[in-house]
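The opening residue of the sequence shown carries number 14 in the working numbering; numbering runs sequentially from there.
First the structure, in the form of structure tokens, and then the observations on it.
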Amino acid sequence: MAKWQRRKFILGLASLTLAGPAIAADKIKLDAASALIVVGVQNCFLPGGSLAVRDGDQVIPVINRIAKGFITVVITQDWHTPHHVSFASSHPGKKPFDIIKLPYGDQMLWPDHCVQGSEGAQIAKDLDIANAALIVRLGSNRDMDSYSAFLEADKKTHTGLVGYFSERGVRSIFVCGLATDFCVASTAIDARHAGFKVYVVEDACRGIDARGSLAKAWSDMTKAGVKKIRSSDLAA
Ligand code: VGL
Ligand code: ZN
């Protein structure tokens, strides 16, 4: 083998070993390059909350279990101003789940939810992930909604989370939480766009499913190269 060929071969081997969590015996092994994003597990999205996601509370034990396997865990917290532009109550004559046009695109309107500092905005008390070192608060710009942990709805305003992950050597991101079809899907798709390998842990998520949004979200995620897995696919 010529010297340059040998070099190429060695580089090839190196990139093989760097190619994300190794899959052994069909299970995904986590390592220091794996991060978990726990999206929106807040009182408003739990049964009894103002924007309750059906069975939303059932994600909590699953998330508590899988989070223990990660070194890097980030929580997102929906965190709206009062009279937020995404609230139906801010638009006379409109109801929750209506869709309106805003400068950044179509906006589905919601019941008032996750107002900054309110009880409803608090992280669910049974979520037990003390190893989460960072909370990213979303939607605190009154005039713009924000579903993704990475980018606001204008697709231009960054949260800085790509930098956080990159500086920590993260290459694979696992996403779970509420709701599958809005904040989870947007976060997963933007993570793909930022170049990460992305997995959504299906049994650690629940959806709102308004106007076909859940099926559309899965199809958009699949098109973006997001992989759908179950918590049992993760090596213990
Ligand atoms: C969400 C609707 C409105 C979510 C947040 O967390 O998925 N959905 N705000
Ligand atoms: Zn919201």
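Don't be surprised by glycine CBs; every beta carbon is placed ideally from N, CA and C.
- Of all C-beta pairs linking the stretch 162–172 to the stretch 138–147, fewer than three are shorter than 8 Å, placing the two stretches out of contact.
- Taking 7 Å as the cut-off, one finds no heavy atom of the ligand VGL near enough to the beta carbon of Val188.
- For the ligand VGL, no non-hydrogen atom lies closer than 7 Å to the CB of Val54.
- Residue side-chain check: Cys196 places its Cβ nearer than 7 Å to a non-hydrogen atom of the ligand VGL.
- Remark: fewer than three beta-carbon pairs, one from each stretch, lie closer than 8 Å, so the stretch 67–85 and the stretch 199–207 are not flagged as touching.
- In the structure shown, Cys57 adopts helical secondary structure according to DSSP, grouped into three states.
- In the three-state scheme derived from DSSP, where H, G and I count as helix and E and B as strand, Asp246 is classed as helix.
- The C-alpha of Gln55 lies about 20 Å from the C-alpha of Ala101.
- For secondary structure counted as the beta strand (DSSP E) over 3 or more consecutive residues, the stretch 39–114 holds these complete runs in sequence order: 47–52 and 85–91.
- At a threshold of 7 Å, Phe163 does not count as near the ligand VGL, since its beta carbon sits no closer than that to any of the ligand's heavy atoms.
- Within a 10 Å sphere around the beta-carbon of Thr235 sit fewer than 16 other beta-carbons, which makes this residue exposed.
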